[in-house]
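Asks: Submitted below is the structure of interest, expressed as structure tokens.
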Amino acid sequence: MAHYAVTVSTPLSVSDAFDYIADLSNFAEWDPGVREVSQVEGDGTGLGSAYDVTVEGIAGPLTLTYVVTDFTSPDVIVAEARSTFLTSLDTITVRADGDGSTVTYDAILTLNGPLGLADAFLAPAFKKIGDKAAAGLEKVLDGRIVETVS
50 MAHYAVTVST PLSVSDAFDY IADLSNFAEW DPGVREVSQV EGDGTGLGSA YDVTVEGIAG
110 PLTLTYVVTD FTSPDVIVAE ARSTFLTSLD TITVRADGDG STVTYDAILT LNGPLGLADA
170 FLAPAFKKIG DKAAAGLEKV LDGRIVETVS
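In this text, residue positions in the sequence shown follow the working numbering: the first is 50, and each later residue adds one.
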């Protein structure tokens with residue numbers, strides 16, 4: 050299992066930060082590893098909405114379908130993608146912080162089946178990917194990174 054979490058302090062209000070981050074179609078704006086996002090289920094954000102997210106994979110582009118499994122506006126969104134090879138679980142929380150808010154993006158990537166034996170080798174690569182995404186998130190939220198965990 051590879052794990053990466055970042056918390057960004059932003060001047061955006063809780064509702065503005067949540068509205069932006071909960072729309073998974075915005076991934077491509079701040080995560081340089083994401084090539085393209087298209088919504089394939091639902092109309093806008095919300096529980097059960099699904100997005101095809103195309104990322105840079107080791108052997109070329111890889112499309113994962115992320116399904117929103119928890120949506121508690123304006124606090125929490127959880128999106129999960131499962132493929133034959135991996136499972137990605139992304140939890141986003143937004144909390145009030147003075148006049149602004151903090152956004153925590155917590156991602157867990159697990160290799161499935163026999164590939165799980167290679168999970169330990171996934172962590173260093175996931176950290177590099179996470180660091181780039183964190184910098185992009187910091188920029189779009191006009192904020193600053195206050196904590197990372199990997």
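Even for Gly, the Cβ is constructed at its ideal location relative to N, Cα and C.
What you are looking at is a predicted structure, and each value in this text was computed from that prediction instead of being measured.
From Glu78 to Ile178, what distance separates their C-alpha atoms?
Replies: So the alpha carbons of these two residues sit roughly 15 Å apart.
Asks: Compute the beta-carbon to beta-carbon distance between Thr159 and Ile141, rounded to the nearest angstrom, for a pair I have assumed lies under 8 Å.
Replies: Their Cβ separation, rounded to whole angstroms, is 18 Å, which puts Thr159 and Ile141 out of contact at 8 Å.
Asks: At 4 residues or longer, and completely inside the segment 52–81: list those alpha helix (DSSP H) runs for me, N to C.
Replies: Fully enclosed alpha helix (DSSP H) runs of 4 or longer: 63–71 and 76–79.
Asks: In whole angstroms, give me the CA-to-CA distance for Ser87 and Ile157.
Replies: Each residue's alpha carbon lies about 22 Å from the other.
Asks: Find the nearest neighbour of Pro173 within the set Ser199, Ser150 and Pro163, judged by alpha-carbon distance.
Replies: Among Ser199, Ser150 and Pro163, the Cα nearest to that of Pro173 is on Ser199.
Asks: Is Thr56 closer than 8 Å to Glu187 when the C-beta atoms are compared?
Replies: Against a cut-off of 8 Å, the Cβ pair of Thr56 and Glu187 comes out as no contact.
Asks: Excluding the five sequence neighbours on either side, which residues of its own chain have a C-beta within less than 8 Å of the C-beta of Arg84, listed in chain order?
Replies: Excluding positions up to five away in sequence, the list reads Ala77, Thr103, Val104, Glu105 and Pro110.
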